[in-house]
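Engineer: Sharing a structure with you now.
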Amino acid sequence: MNTEIQETVIKKTGDEPVWVSILIPCYNHEKFIEHALDSIVADTYPYKEIVIINDGSTDNSDVKIREWISKNEQKIAVIYTSRENKGICVTLNEMTLMSKGKYILPLASDDCLYGNTIAKRIQILEDDPQKTVLLNDAFVIDAEDNIIMQSSATDYWKADKSKYLNDDDLIYECIRGPKVGGPIIMYNRSILDEIGMHPENLRIEDWYFYQRAACVKRMVYVDFKVALYRVHGDNFSGAEMRHALKIVTYILKVLRINFWFYPGIKFKLFAIKMYFSYLAWYIKVKLKIK
6 MNTEIQETVI
16 KKTGDEPVWV
26 SILIPCYNHE
36 KFIEHALDSI
46 VADTYPYKEI
56 VIINDGSTDN
66 SDVKIREWIS
76 KNEQKIAVIY
86 TSRENKGICV
96 TLNEMTLMSK
106 GKYILPLASD
116 DCLYGNTIAK
126 RIQILEDDPQ
136 KTVLLNDAFV
146 IDAEDNIIMQ
156 SSATDYWKAD
166 KSKYLNDDDL
176 IYECIRGPKV
186 GGPIIMYNRS
196 ILDEIGMHPE
206 NLRIEDWYFY
216 QRAACVKRMV
226 YVDFKVALYR
236 VHGDNFSGAE
246 MRHALKIVTY
256 ILKVLRINFW
266 FYPGIKFKLF
276 AIKMYFSYLA
286 WYIKVKLKIK
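No gaps in the numbering here: position 183 of the sequence shown is 188 in my numbering, and each next residue is one more.
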């Protein structure tokens, strides 16, 4: 079936192949980066490239990446840069500019692709030009690659998938907080012309991106698994309370930055409600841990 999908995607564009760029920002994931890279090669879609930036890792990530490239450079095109730490948003912007794919697939360096689904994801977006951002689901795995949850959306983030099925509900859910995890997004780079690149002073790039993509009604959710989302002690999601407070400061910042981007008064009022809800939580926790 996947071969048929690949042929359909290729035939639709004549002699011009549809390229996808897999962007991997790597920071201190020496234990997992090879698994992430292997999962890309395992997907049989032929027109793909990997763009990696080692964002100032202090472990052996750079060595692991270079060793992997030397063993696999005949199988797949790889663009690799290692430099000082600049943060996730700067890194994603740099990789986007370095890449050539019509479609972009961000992949955290501790996660993996799953199920040979790149061709299927591309076909969904090719079939509906009005939707340029595709969301799917992922299994949740632990540090030893064991599947511990069947859905990152419903089991880990406690999402209600029924609210992902129309444009207005998606906007509300993304303002409330996008309950997604793992490399479950693929998008046409044209969306960046509508919503802009990532603000380089943010730490939670996904909230900003999802809110804006939903607000211009370019996002679609299709319920199948495309990835393995890793949860372990070093995850951003496994942070302790003081780190959680820092995350909330970025959430508040996103809500302020995106406020005038929210379409219509009902979404702006909802954003105000969520802003003060997060602010109240922040103050309550801040007072407790002083």
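Virtual Cβ for every residue (Gly too), placed ideally from N, Cα, C.
Count Cβ pairs between the region 121-129 and the region 217-235 that sit closer than 8 Å; are there 3 or more?
Structural biologist: Because the criterion of three Cβ pairs below 8 Å is met, the region 121-129 and the region 217-235 touch.
Engineer: Excluding five sequence neighbours on each side, which residues of the same chain lie with their C-beta closer than 8 Å to the C-beta of K168?
Structural biologist: Start at 1 with the first residue of the sequence shown, and residue 168 comes out as number 163. The residues are D174, L175, Y177, E178.
Engineer: So, is P183 buried or exposed, given that buried needs 16 or more other C-beta atoms within 10 angstroms?
Structural biologist: Along the sequence shown, read from residue 1 onward, the residue named residue 183 stands at position 178. So P183 counts as buried.
Engineer: Are A41 and D150 close, meaning C-beta to C-beta below 8 Å?
Structural biologist: Against the sequence shown, residue 41 aligns to sequence position 36. Against the sequence shown, residue 150 aligns to sequence position 145. In this structure, D150 does not lie closer than 8 Å to A41 by Cβ.
Engineer: From this set, D172, V145, D48, which residue's C-alpha is nearest K163's C-alpha?
Structural biologist: Residue 163 sits at position 158 when you count from the first residue of the sequence shown. The residue with the shortest Cα to Cα distance from K163 is V145.
Engineer: On the CB-based measure, 16 or more other CB atoms within 10 Å of its CB, does R126 come out buried or exposed?
Structural biologist: As a first step, residue 126 is located in the sequence shown; it is residue number 121 there, counting from the start. Under this definition R126 is a buried residue.
Engineer: Would you mind reading off the limits of the beta strand (DSSP E) that contains T86?
Structural biologist: Counted from its first residue, the sequence shown places residue 86 at position 81. That run of the beta strand (DSSP E) goes 82-88.
Engineer: List the residues that DSSP assigns as beta-bridge partners of P30.
Structural biologist: Here residue 30 is taken as the residue at index 25 of the sequence shown, counted from 1. I58.
Engineer: Taking 6 Å as the limit between beta carbons, can you name the residues of its chain near E54, skipping five residues before and five after?
Structural biologist: If you number the sequence shown from 1, residue 54 lands on position 49. Here the set comprises S26, A82.
Engineer: With a threshold of 16 other CB atoms inside 10 Å of the CB of D198, please say whether the residue is buried or exposed.
Structural biologist: Within the sequence shown, residue 198 is the residue found at index 193, counting from 1. When all chains shown are included, D198 counts as exposed.
Engineer: Hey, A143 and Y234 are a contact pair by Cβ (cut 8 Å); roughly how many whole angstroms apart?
Structural biologist: Locating residue 143 in the sequence shown gives position 138, counting from the first residue. Locating residue 234 in the sequence shown gives position 229, counting from the first residue. That belief holds up - the Cβ atoms of A143 and Y234 are roughly 4 Å apart, short of 8 Å.
Engineer: Any idea which residues DSSP pairs L233 with across the strands?
Structural biologist: Translated into positions along the sequence shown, residue 233 becomes position 228. L233 is bridged to C117, F144.
Engineer: Could you tell me the distance, in whole angstroms, from the CA atom of G61 to the CA atom of W73?
Structural biologist: Numbered from its first residue, the sequence shown carries residue 61 at position 56. Numbered from its first residue, the sequence shown carries residue 73 at position 68. The straight-line gap from Cα to Cα measures roughly 18 Å.
Engineer: If you measure between the beta carbons of L110 and P188, is that distance less than 8 Å?
Structural biologist: Position 105 of the sequence shown holds residue 110. Position 183 of the sequence shown holds residue 188. It is a contact, given that the beta carbons lie within the stated cut-off.
Engineer: Give the straight-line distance between the Cα atoms of I180 and Q135, rounded to the nearest whole angstrom.
Structural biologist: Locating residue 180 in the sequence shown gives position 175, where the first residue counts as 1. Locating residue 135 in the sequence shown gives position 130, where the first residue counts as 1. Computed Cα separation, rounded: 21 Å.
Engineer: In angstroms with no decimal places, state the Cα-to-Cα distance between A285 and F275.
Structural biologist: Within the sequence shown, residue 285 is the residue found at index 280, counting from 1. Within the sequence shown, residue 275 is the residue found at index 270, counting from 1. Whole-angstrom Cα-Cα distance: 15 Å.
Engineer: How about V56 and N77: do their beta carbons lie closer than 8 Å?
Structural biologist: Numbered from 1 along the sequence shown, position 51 holds the residue referred to as residue 56. Numbered from 1 along the sequence shown, position 72 holds the residue referred to as residue 77. Cβ distance not < 8 Å, so V56 and N77 don't count as in contact.
Engineer: Just grab the DSSP bridge partners of P111 for me.
Structural biologist: Stepping through the sequence shown from its first residue, residue 111 is reached at position 106. BP columns for P111 point to L28.
Engineer: From the DSSP output, in three-state form, read off M297 for me.
Structural biologist: Residue 297 falls outside the range modelled here, since the chain spans only 6 to 295, and no answer is possible.
Engineer: Below 8 Å on the Cβ atoms is my guess for S66 versus C31; work out the distance and round it to an integer in Å.
Structural biologist: Your numbering for residue 66 matches position 61 in the sequence shown. Your numbering for residue 31 matches position 26 in the sequence shown. The pair is a contact, with the Cβ atoms about 5 Å apart (cut-off 8 Å).
Engineer: Rounded to a whole number of angstroms, what is the C-alpha to C-alpha distance between S157 and E21?
Structural biologist: Indexing the sequence shown from 1 puts residue 157 at position 152. Indexing the sequence shown from 1 puts residue 21 at position 16. S157 and E21: Cα-Cα distance of roughly 35 Å.
Engineer: In terms of residue numbering, what span does the alpha helix (DSSP H) encompassing I45 cover?
Structural biologist: Position 40 of the sequence shown, counted from the start, is the residue given in the question as residue 45. Start and end: 38-47.
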